[in-house]
Amino acid sequence: MTDEGTRLAVAAILETVMAMQSEMAAMNARQVEILDRLNQIDAGLAATTDLVPMLEIILARLIEDRERQAEGFERTAELAAFAHAAASGQGEPLPDELADHALLKRFAYLQTAEREPIDPALARWRQEVKRASTEELTKVLKAQYMPSPTEPVDVRVLRFRLAAITRDELKVRGAVLPPARPPAIVRDHSVMSKQARIAELAALWRVGDSLALHGDAELAGAIDYMGRTRARLLAEGNSPDLVDDLMAQLHEKIGDEMAGGQVVKRQTAPGYDAPDRENGKDSELGAARETDPNIR
């Protein structure tokens with residue numbers, strides 16, 4: 007091979023090597039680009055995968071909102087029916103479920119007092135506020151504005167109605183009213199807060215007759231039951247001394263149960279039947295008497 011041929015061969019080989027290097031560089035660049043695109047696609051697919059549960063959550067919320075909206079319309083229709091009945095002279099208290107609805111929160115805190123209530127707790131409270139001092143009523147009203155971690159719906163509604171009577175009496179006296187702003191929606195429902203409230207109720211009950219006792223909606227069931235039991239025992243012909251003795255035992259027994267978290271539920275129906283307890287069991291008053299009240 008001549009020098010010229012060698013030079014041409016070497017040049018061809020170098021040219022081929024350079025072309026191969028250039029091609030490999032191009033291939034490497036394309037490979038990097040492909041990898042970048044694959045990473046982008048993978049990220050996109052991951053987002054798409056996460057989108058499925060997100061869409062399910064959104065759908066569930068839409069369904070929940072639709073149900074809440076339907077309930078709101080239903081409650082509004084019920085309220086309109088009661089308003090129409092009241093305008094026609096056939097007014098009566100709203101059902102607890104309706105009176106406790108979030109739509110009526112402002113109404114709950116600003117409702118007018120019932121002038122001739124048939125509920126014994128309200129009727130009793132109307133008499134109590136007449137005898138109380140303005141300072142005492144103001145203190146009780148502040149307490150009646152505060153929610154309790156242990157109150158059920160019917161007791162919460164009663165609390166608002168008691169507060170309306172208290173507020174009405176203070177207005178008549180020209181007293182300065184505490185602000186009727188609804189408390190924060192978030193409430194402390196922890197075990198500790200409930201235990202503290204139970205201890206507060208038990209202590210208030212054990213002190214005996216007081217304005218704070220009658221103004222606390224959660225104790226209305228126990229007070230009503232004591233009154234019904236006394237009336238029944240007297241109607242059965244028992245002597246007043248015996249009835250007083252039995253009632254003292256009953257008061258102590260209810261206090262002990264209350265300290266253990268058992269609360270006498272309210273009964274709106276008339277009669278002397280025994281009340282339900284939140285977590286109660288059958289209780290005894292001790293030795294058999296001439297007539298023992300049926301306590302549960």
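Under this note's numbering, the letters of the sequence shown match residues 7 to 302, in that order. We treat Cβ as the ideally placed atom computed from N, Cα and C, and that holds for glycine.
Unbroken alpha helix (DSSP H) run spanning methionine 198, endpoints | As a position in the sequence shown, residue 198 is number 192, starting the count at 1. Segment 197-213, the alpha helix (DSSP H) holding methionine 198.
Collapsed DSSP secondary structure at valine 182 in the structure displayed | The residue given as residue 182 occupies position 176 in the sequence shown. Of the three classes helix, strand and coil, the one that applies to valine 182 here is coil, per DSSP.
Taking the C-alpha atoms as reference points, what is the distance between histidine 220 and tyrosine 151?
-> Along the sequence shown, one-based indexing puts residue 220 at 214. Along the sequence shown, one-based indexing puts residue 151 at 145. C-alpha separation (whole angstroms): 15 Å.
Among residues of its own chain, excluding the 5 on either side of leucine 217, which ones have a beta-carbon nearer than 7 Å to its beta-carbon?
-> Stepping through the sequence shown from its first residue, residue 217 is reached at position 211. Counting only Cβ-Cβ distances below 7 Å, and skipping sequence neighbours, we find Glu134, Ala138, Glu142, Val146.
Using the rule of at least 16 other Cβ atoms within 10 Å of the residue's Cβ for burial, across every protein chain shown, is glycine 261 buried or exposed?
-> Sequence index remark: in the sequence shown, residue 261 carries index 255 (1-based). When all chains shown are included, glycine 261 counts as buried.
Extent of the continuous alpha helix (DSSP H) to which methionine 308 belongs = Any property of residue 308 remains undetermined from this structure, which presents the chain solely from 7 to 302.
Under three-state DSSP, which class holds glutamate 296?
-> By 1-based counting over the sequence shown, the position of residue 296 is 290. Confidence is the limiting factor: at glutamate 296 the pLDDT is only 32, short of 50, which leaves the residue's position unreliable, though a coordinate-based value still follows. The answer is coil: DSSP assigns glutamate 296 none of H, G, I, E or B.
Taking aspartate 250 as the reference, give the member of Met264, Gly233, Gly266 with the closest Cα.
-> Along the sequence shown, one-based indexing puts residue 250 at 244. Of Met264, Gly233, Gly266, the residue nearest in Cα terms is Gly233.
Check the C-beta distance from arginine 272 over to valine 161 and give it rounded, since I have them as a contact under 8 Å.
-> Here residue 272 corresponds to residue number 266 of the sequence shown, with the count starting at 1. Here residue 161 corresponds to residue number 155 of the sequence shown, with the count starting at 1. About 7 Å; that satisfies the 8 Å criterion.
Specify the secondary structure class of valine 269 as computed by DSSP and reduced to three states.
-> For this step, residue 269 is matched to residue 263 along the sequence shown. Residue state, collapsed to three classes: coil.
Name the two residues that bound the continuous alpha helix (DSSP H) containing glutamine 150.
-> Within the sequence shown, numbered from 1, the residue matching residue 150 stands at position 144. Unbroken alpha helix (DSSP H) run through glutamine 150: 140-151.
With distances taken between CB atoms, is the gap from isoleucine 204 to alanine 149 smaller than 8 Å?
-> Taking the first residue of the sequence shown as 1, we reach residue 204 at position 198. Taking the first residue of the sequence shown as 1, we reach residue 149 at position 143. Their beta carbons are not under 8 Å apart, which means isoleucine 204 does not touch alanine 149 by this criterion.
In three-state DSSP terms, what is threonine 156?
-> Taking the first residue of the sequence shown as position 1, residue 156 is located at position 150. The answer is coil: DSSP assigns threonine 156 none of H, G, I, E or B.
Would you check if there are 3 or more beta carbon pairs closer than 8 Å linking the segment 168-176 to the segment 108-125?
-> yes
Spatially closest choice to arginine 112 from Glu258, Phe166, Gln268, by CA coordinates = Numbered from 1 along the sequence shown, position 106 holds the residue referred to as residue 112. Considering only alpha carbons, the answer is Phe166.
So, valine 159 versus glutamate 224, is the Cβ gap smaller than 8 Å?
-> Position 153 of the sequence shown, counted from the start, is the residue given in the question as residue 159. Position 218 of the sequence shown, counted from the start, is the residue given in the question as residue 224. Cβ atoms of valine 159 and glutamate 224: not closer than 8 Å.
Could you pull out every residue in the same chain whose Cβ sits closer than 6 Å to the Cβ of valine 192, ignoring the five residues on either side in sequence?
-> Working through the sequence shown from its first residue, we reach residue 192 at position 186. Caution is warranted here: a pLDDT of 44 is assigned to valine 192, below 50, making its placement in the model unreliable, and the coordinate value is therefore given only provisionally. Nothing listed; no residue qualifies.
Of the residues Asp230, Arg212, Glu39, which one's Cα is nearest the Cα of isoleucine 124?
-> Counting from one through the sequence shown, the residue named residue 124 turns up at place 118. Ranked by Cα distance from isoleucine 124, the first of Asp230, Arg212, Glu39 is Asp230.
In whole angstroms, what is the alpha-carbon distance linking leucine 248 and glutamate 70?
-> Here residue 248 corresponds to residue number 242 of the sequence shown, with the count starting at 1. Here residue 70 corresponds to residue number 64 of the sequence shown, with the count starting at 1. If you take the alpha carbons of leucine 248 and glutamate 70, they lie about 58 Å apart.
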